[in-house]
Structure formats: C-alpha cells, structure tokens
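First up is the structure itself, then whatever we jot down about it.
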Amino acid sequence: MTMSTDLSPDTPASTRWKCRVAYDGTSFSGWQSQTDRNAVQDHLERRLAELFQTEVRLHGSGRTDAGVHARGQVFHVDAVWRHGPERLLAALRGGLPPTIQVQRAEVVDTAFHARFSATGKIYHYSLQHGDWADPFTHAYTWSIPRPLDVAAMRTAASVLVGRHDFRAFSAFGGEERESTVRTLSRLDLIEDGPRLRIEAEAEGFLYKMVRSLVGALVYAGQGKLTPARIQELLVARERTAEVETAPPQGLCLMQVHYPAPWNR
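Under this note's numbering, the first residue of the sequence shown is numbered 2, with each subsequent residue one higher.
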C-alpha cells in the first residue's frame with residue numbers, strides 16, 4: 002500500500018482523500034446525516050459538493066451523538082481535486098461553520114476505509130465533581146455537585162477493562178445486530194482537583210457505550226453500584242436502570258487508530 006500527499010499528472014480522475022476533522026458538537030444533530038441537515042456530515046458534504054462541483058458522500062470512522070464533540074474524527078471521500086491538500090484545507094476552512102474544522106487532508110489508496118480500516122479509538126469524558134464547572138467549561142463537562150469516591154470508581158473500572166460482552170453497557174435494543182463483544186484495553190481516571198477525565202480506549206465501541214461506562218463509574222463513585230454488581234451485569238448481558246447514560250457534552254472522540262501507513 003502506498004500513500005501520497007500531493008497529486009501528479011498521473012493521478013486518477015477520482016482520488017480518495019482521508020481527512021481529520023474536529024468539531025464542537027453542541028449545536029449539531031450529531032455526526033451522521035439527519036433530516037434536518039444539521040449534522041456535521043451534512044455541513045461537510047455541502048461544502049465539499051461546492052468545491053468538487055458534484056454531489057459527494059463521505060464516510061466517517063463512526064458516528065457521534067448530538068452534543069458529543071471530536072478532536073480526531075476521520076472521514077474519507079472520493080473526488081476530483083487537482084490542487085493538492087493545502088489548497089483543499091484552505092478551501093474547507095473558509096466555508097464551514099467555525100465550530101467545524103478540517104485539520105488534515107491527505108491522499109490515500111482506495112484500500113483505505115475510514116470506518117472499516119480503523120483498529121481502535123480513544124474517547125475522553127470530562128467530569129467535575131463536588132462543584133459546578135465554570136462558565137467556560139460547562140458546555141464540555143458533566144457537573145456533579147457532590148464529591149465522588151474516585152478510588153471506588155477505579156476499582157469499578159478495573160472490572161470493565163478486558164474482553165467482555167458489553168451489551169449491558171450500550172443502547173443495544175435487543176434486536177440481533179453486530180456482536181456486542183469488545184476489548185476495552187484502557188479505562189483510566191485522571192484527576193485534576195475537582196476535575197476528572199475518564200479515558201477509554203478500545204478496538205471499537207458500541208452505541209452509547211462510552212457514556213454508559215461513564216454512567217456506571219459515576220454510580221460506583223456514589224455508592225450505588227458495586228464492582229460485584231458490575232460483573233453481574235456483564236454476565237447477564239441485559240441493560241437495566243442501574244446503568245445511567247452520561248450526558249453527551251462531556252464526551253469527545255480524541256483519536257482513531259489505523260494500521261500503517263494510514264495512522265497519521
């Protein structure tokens with residue numbers, strides 16, 4: 002497999018572009034295209050259609066819900082563009098809402114797929130406990146007025162790390178779809194005074210899985226959920242009210258991993 006960061010006269014008429022995009026999800030209807038045409042994908046496709054002078058369909062590494070943010074979302078699109086990546090970036094930055102910014106664009110071979118080539122993802126979730134987040138961070142933070150037992154949360158996190166069936170920690174509705182088994186390689190809690198960042202890394206995540214994991218950890222920190230009960234929920238593979246879905250504003254997709262030579 003080969004990659005190039007510029008185009009030559011021999012470049013095929015249609016080129017596959019891999020792009021990394023960051024966005025503040027507060028005012029958007031999530032990542033995936035919606036009927037209201039206010040998803041991040043909708044805004045990107047409209048701008049790309051203007052630049053490429055044709056309708057385009059981009060493919061993301063996965064979807065984020067309404068209100069969820071991203072620093073490292075990845076998408077690919079096939080299109081004709083003969084001016085190189087820097088010109089494409091400049092054109093995109095000039096025609097998108099200021100809360101969406103394409104940060105990198107590169108030509109890749111057609112074997113690359115933003116979703117199916119991904120080998121892992123990292124999400125961060127921001128909490129503030131024992132106090133309310135200040136006016137400059139509240140839009141990106143879940144504020145919990147009472148202090149949490151962080152040691153208990155770490156113990157609960159250790160139960161969740163590893164390869165498990167995470168059906169009980171997703172919004173899986175019970176219908177037969179993809180496998181709900183995932184390998185959660187990391188679920189770390191990073192303290193900074195009253196601020197708490199939960200870092201989750203896995204080969205892939207189920208629908209609302211990260212927010213469900215965070216909700217379970219918060220309940221553990223409030224004494225409502227024990228590590229033993231978390232283990233029972235994993236084994237039972239049944240979603241219950243014991244697992245809360247954390248609100249979206251604290252969640253951010255930080256990075257998507259790909260095999261070499263695409264992991265840049």
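Where a beta carbon is used, it is the ideal one built from N, C-alpha and C, also for glycine.
Asked                                                                                                                                        : Found
Whole-angstrom Cβ separation of Y124 and C20, contact assumed at under 8 angstroms?                                                          : About 20 angstroms; that fails the 8 angstroms criterion.
For K122 versus V257, is the C-beta spacing smaller than 9 angstroms?                                                                        : yes
Along the alpha helix (DSSP H) that carries Y126, what are the first and last residues, could you check?                                     : No alpha helix (DSSP H) contains Y126, which is instead part of the beta strand (DSSP E) from 121 to 130.
Roughly how many angstroms separate the alpha carbons of A140 and A71, rounded to a whole number?                                            : 14 angstroms
Bridge partners of Q256, per DSSP?                                                                                                           : I123
Going by DSSP, what residue range makes up the beta strand (DSSP E) through V182?                                                            : 182 to 193
If you follow the beta strand (DSSP E) that F53 is in, where does it begin and where does it stop?                                           : Careful: F53 lies outside any beta strand (DSSP E), inside the alpha helix (DSSP H) at 41 to 53.
For W32, is the classification buried or exposed, using 16 other Cβ atoms within 10 angstroms of its Cβ as the cut-off for buried?           : buried
Does R48 pass the burial test, meaning 16 or more other C-beta atoms within 10 Å, or should it be called exposed?                            : buried
Looking only at C-alpha atoms, which of R17, A67, E51, S34 sits nearest to D25?                                                              : A67
Which residue marks the beginning of the alpha helix (DSSP H) containing A152, and which one marks its end?                                  : 151 to 161
Which residues share a DSSP beta bridge with L97?                                                                                            : DSSP output for L97 lists no bridge partner at all.
Can you have a look at G175 and say buried or exposed, based on whether 16 or more other CB atoms are within 10 angstroms of its CB?         : In this prediction, G175 scores a pLDDT of 48, lower than 50, which makes its location untrustworthy; the coordinate-derived value is nonetheless stated afterwards. By the neighbour-count rule (16 or more Cβ atoms within 10 Å), G175 is not buried but exposed.
Please identify the residue among G163, P195, L197, E200 whose C-alpha is closest to the C-alpha of R183.                                    : G163
The alpha helix (DSSP H) that contains Y220, what's its start and end?                                                                       : 210 to 222
Once you ignore the five residues that flank L214 on each side, which residues in its own chain have a CB closer than 7 angstroms to its CB? : L161, F170, L188, A201
DSSP on H77, reduced to helix/strand/coil?                                                                                                   : strand
Taking the Cβ atom as the reference point for each residue, do F167 and L190 lie within a distance shorter than 9 angstroms?                 : no
Can you tell me which of the three DSSP states R230 falls into?                                                                              : helix
Compare the Cα-Cα distances from A106 to each of P99, D150, A115, M255 and report the closest residue.                                       : A115
Closest to A236 by C-alpha separation, out of H44, P249, T181, G216, would be which residue?                                                 : The residue asked about is misnamed: residue 236 is Val in this sequence, not Ala. Ranking the options by Cα distance to V236, first place goes to T181.
What does DSSP give as the partner residues of K19 in its beta bridges?                                                                      : H77, E107
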